[in-house]
Amino acid sequence: MEWITAENVIAVVTALIGVLGYAELGAGSTAKGLHGIALDGRGPVLDELGSSPYPYREIEYAYTWGDPPTDSLTASFLAYLARGRGQDVVRARGHLPCATPKGLRICGGG
Numbered sequence: 167m168e169w170i171t172a173e174n175v176i177a178v179v180t181a182l183i184g185v186l187g188y189a190e191l192g193a194g195s196t197a198k199g200l201h202g203i204a205l206d207g208r209g210p211v212l213d214e215l216g217s218s219p220y221p222y223r224e225i226e227y228a229y230t231w232g233d234p235p236t237d238s239l240t241a242s243f244l245a246y247l248a249r250g251r252g253q254d255v256v257r258a259r260g261h262l263p264c265a266t267p268k269g270l271r272i273c274g275g276g
């Protein structure tokens with residue numbers, strides 16, 4: 167089974183004329199031949215994450231079966247994503263961490 171990834175979508179969209187596809191903005195922002203689609207006259211802008219009026223965005227969720235034990239690898243990973251260097255990694259990939267004040271408003275937590 168082949169996984170559908172942002173890279174797969176971008177490869178198909180850039181290879182075929184007239185094809186539409188969806189991929190995260192950071193993945194597609196440097197690909198030649200791709201054009202962002204404006205919605206209601208607003209285009210996606212990577213540098214405006216969290217303040218852009220662009221009406222479409224993605225939110226990634228992490229699900230667990232109940233609260234993981236405090237000393238577990240799962241709890242450590244979730245803490246990493248929510249604080250410090252983990253948020254830097256999320257930002258470097260072109261996303262807005264939900265654990266930030268601006269992210270909480272967008273992610274529905276504030």
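Note that our numbering has the sequence shown beginning at 167, numbered continuously upward.
Where is the CB? At the ideal position from N, CA and C, for every residue including glycine.
Backbone CA spacing between V185 and L262 [nearest angstrom]: 28 Å
Cβ-based neighbour list, R259, same chain, cut-off 7 Å, excluding 5 preceding and 5 following: G192
Beta-carbon gap between V211 and A189 smaller than 7 Å: no
T240 CB to nearest heavy atom of the ligand ZN below 6 Å: As for the ligand ZN, it is missing from this structure, which has no ligand bound.
Residues that DSSP places opposite R208 in a beta bridge: L205
8 Å contact criterion, which T180 and G199 should meet: CB distance rounded: 5 Å
Assigned secondary structure, L247 (DSSP; H/G/I helix, E/B strand, else coil): helix
E168, enclosing alpha helix (DSSP H) - first and last residue: Neither: E168 is in no alpha helix (DSSP H) and is coded neither H nor E.
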